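What follows is a short report on a single structure.
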Amino acid sequence: MLKNKTIVLGVTGGIAVYKAADIVSRLKKLNANVEVVMTEGATEFVTPLTFQTLSNNVVHRKMFNEITNYDVEHISLAQKADLILIAPATANTIGKIANGIADNLLTTVVMASTAKVVFAPAMNTKMYQNPIVQSNIEKLKSLGYEFINPAKGKLACGDYGEGKMAEPVDIVDYVISSFKEKDLIGRKIVVTAGPTIEPLDPVRYMTNHSSGKMGYSIAKEALDRGAEVVLISGSTCLEPPKGVELVRVKTTEDMLNAVGKYFATCDVLIKSAAPVDYRPESVSSSKIKKNKDTDELTIKYVKNPDIAAHFGKFKKNQIMVGFAAETENLLQYAEAKLKEKNFDFIVANDVSKVGAGFNVDTNIISIIDNKGETTNYPIMDKAQVARIILDKVKKLLDYKG
Ligand code: PMT
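In the numbering used here, the protein residues as written are 288 to 688.
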């Protein structure tokens, strides 16, 4: 995902240095070239050898090394960098850069580079809230430097509050999204994700195996590409992407109402959720007891509204993308749904295949458009599937103008 990208990781002296090792390892797994620059303070916490081993590169530390080759180190790093990430960023380094001080290798590299610079601050709460630190941060933001806000939590010094460095997974997510083209700015995209549930009594319900992974990946990709994203989600255990408007729903009826609230003003509706098609005709207000006299329990189900079909009837300019979860006759059933529900295109997945459909990180899809054209794709991560879907959406948006 980050192939051919060089990330210069500035590591400054704070206890969160140990988390920077995790950042390097995650970036390497995404095929980035990582060049670590450590300040003297950072080396007090973790040795350069840790970063050298994880990055497979020599760690840069000193401004005035004996010359072994004639690349001037700070200039060559500054030019090589596609992005400079400073994590953890101390108050000291933030202050130096904000005030044009370049007295070590890291601050000099930043000064000499035109690459995007992202800070992930980590410090004691009082320090973080200090007006001098805050005004340095504001000054840097106004100059185009970016910040990944620290979280609230128990700090190494024992205090509780703001100042804990963002988690490596979120920092790396931020780096990934920095490289994505913002081609969906100004577009409002509604994504439905996860299962709905239909209660039978206060302790039981009917649902399906949807984890929400497919829909959350689409929401994340749309967000990274600059769209305003509303994520209408059934019950899942997933962390919603930071920055989406999250609407939690339980039943199919709730999901219908939630989509209704946003449909008129959206550009795109992507129906990746798996709404339950039938609900018990009545919901018992008390727990249904086991009946000693019979081995059977009969429940009458009634049809739920079909959300996609409902909005497909009166869509105007909106692009509607559907999914078809099938276990047989994949393309035939998917094509019928495409027409019935008036989708612009449908993503068909055979949920009986290993690596496809419910509750896995990958999917195997075929896309059928409303001209009847079908494209088959090999197994891939749901993040890649999301990219393909949004590339197609973008083409349709451009076409519609
Ligand atoms: O969540 P994951 O674990 O990542 O799994 C992903 C997925 C398998 C749920 C996803 O890839 C998928 O296939 N979603 C659609 C599931 C589904 O309900 O398929 P369907 O063939 O029953 O419905 C066709 C379309 O109509 C879907 O877009 C569905 O959202 C929509 N629908 C269905 C029923 C209903 N009452 N209202 C609807 O709008």
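All C-beta atoms, glycine included, are put in the ideal place defined by N, C-alpha and C.
It should be emphasised that the depicted structure is a prediction, and the values quoted were computed from it without experimental measurement.
Start and end residues, alpha helix (DSSP H) containing residue i
i	result
I676	669–687
L336	335–342
I310	304–316
M398	392–399
A623	617–627
I458	455–465
Three-state secondary structure assigned by DSSP to residue i
i	result
N436	coil
Y565	strand
S571	coil
K598	A small fix is needed here, since residue 598 is Phe in this sequence, not Lys. In the structure shown, F598 sits in a helix (DSSP, three-state: H, G or I).
G502	helix
M325	strand
T662	strand
E526	coil
L430	coil
V638	coil
L543	helix
P486	strand
V295	strand
F632	strand
M414	helix
K691	Examination of residue 691 is not possible in this model, given that the chain is present from 288 through 688 alone.
N386	coil
N495	coil
N379	helix
K367	helix
E583	coil
I472	coil
T330	helix
N604	coil
A551	coil
For residue j and residue i, the rounded distance between their alpha carbons
i	j	result
I652	V298	42 Å
S460	L525	Reading off the sequence, residue 460 comes out as Asp, not Ser. If you take the alpha carbons of D460 and L525, they lie about 15 Å apart.
P482	A612	12 Å
E485	K413	48 Å
K558	L296	39 Å
E540	P665	35 Å
V323	A673	32 Å
L625	D582	42 Å
Q619	D678	24 Å
D554	Q605	5 Å
F550	T649	29 Å
I472	S464	13 Å
L289	I310	13 Å
S363	D369	12 Å
L617	D637	6 Å
S498	F645	7 Å
V304	R474	38 Å
N544	I373	44 Å
R313	A307	10 Å
E568	L684	41 Å
P562	V641	22 Å
V531	E433	19 Å
F630	L556	10 Å
I602	V680	The question names Ile, but residue 602 is Lys in the sequence shown. Rounded to whole angstroms, K602 to V680 spans 16 Å at the Cα level.
H496	T337	42 Å
DSSP beta-bridge partners of residue i
i	result
K282	With the chain running from 288 to 688 in the structure shown, residue 282 is simply not present.
T538	Note: T538 sits in no beta bridge, so no partner.
N646	DSSP output for N646 lists no bridge partner at all.
V517	V477, E532
V589	R566
N578	Paired residues: none, contrary to the question.
N320	T293
CB of residue i within 7 Å of CB of residue j, strictly
i	j	result
G301	A409	yes
A365	S400	yes
V282	L518	Outside the modelled stretch of the chain, which goes from 288 to 688, sits residue 282, for which no answer is possible.
K600	Y565	no
I384	T395	no
A480	A378	no
N320	T293	yes
D446	R512	no
L392	M452	no
Residue range of the unbroken beta strand (DSSP E) whose run includes residue i
i	result
A407	403–408
P375	370–376
D656	652–656
V346	Per DSSP, V346 belongs to no beta strand (DSSP E) and is neither H nor E.
K451	447–451
CB contact below 7 Å: residue i versus chain B
i	result
G440	The structure shown has no chain B; it contains just one protein chain.
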